[in-house]
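To keep things clear, I will list the structure first and then write my remarks on it.
Residue numbers (full-length UniProt numbering): 1 to 109.
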């Protein structure tokens, strides 16, 4: 699933939010928008295919919870394998940021 040339990873950001607490879909997109001061505003329709794939792989699990009398929300939970994947892609991301920074500042050989 990891792509070497995929510099900016929404999947990394979704997993980071789930690493902090279980969330439902709208809560993930809202948290992302809020924490990035509106610079990253993702539609829920973009997020769900990634969450479904993560669930299929076993990186996350979902649980339906009744909210109020009739409304049901699906909460997503980060599993240990998802945490390992998050750590891996975050490390790759940091490496790429460092390489680009070195290149831009002329610190390469």
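Even for Gly, the Cβ is constructed at its ideal location relative to N, Cα and C. Keep in mind it's a predicted model, so treat the numbers as computed, not measured.
- Query: From this set, 87, 10, 93, which residue's C-alpha is nearest residue 43's C-alpha?
  - Reply: On the chain shown, position 43 is the one that residue 43 refers to. Cα-wise, what sits closest to residue 43 is 10.
- Which residue comes first and which comes last in the alpha helix (DSSP H) that contains residue 28? Numbered from 1 along the chain shown, position 28 holds the residue referred to as residue 28. Here the alpha helix (DSSP H) through residue 28 covers 25–35.
- Item | Residue nearest to residue 75 in terms of C-alpha spacing, selected from 87, 41, 51 | Working through the chain shown from its first residue, we reach residue 75 at position 75. Residue 75 has its Cα closest to that of 51, out of 87, 41, 51.
- Message: Give the list of continuous alpha helix (DSSP H) stretches no shorter than 4 residues that lie fully inside the segment 58–98.
- Response: none
- Task: Evaluate residue 66 with the Cβ neighbour count: other Cβ atoms within 10 Å of its Cβ, from every protein chain shown; 16 or more gives buried, anything less gives exposed.
- Result: Within the chain shown, residue 66 is the residue found at index 66, counting from 1. Exposed, because fewer than 16 other Cβ atoms sit within 10 Å of the Cβ of residue 66.
- With DSSP run on the structure shown, which of helix, strand or coil describes residue 105? As a first step, residue 105 is located in the chain shown; it is residue number 105 there, counting from the start. The answer is coil: DSSP assigns residue 105 none of H, G, I, E or B.
- Can you tell me whether residue 32 is buried or exposed, with buried defined as 16 or more other CB within 10 angstroms of its CB? Position 32 of the chain shown, counted from the first residue, corresponds to residue 32. It is buried - the Cβ of residue 32 has at least 16 other Cβ atoms within 10 Å.
- Task: Return yes when the Cβ of residue 60 is within less than 8 Å of the Cβ of residue 18, no when it is not.
- Result: Translated into the one-based positions of the chain shown, residue 18 becomes position 18. Translated into the one-based positions of the chain shown, residue 60 becomes position 60. Yes, they are a contact pair.
- Put residue 40 into one of helix, strand or coil per three-state DSSP. For the purposes of this step, residue 40 is taken as residue 40 along the chain shown, with counting starting at 1. Reduced to three states, the DSSP call for residue 40 is coil.
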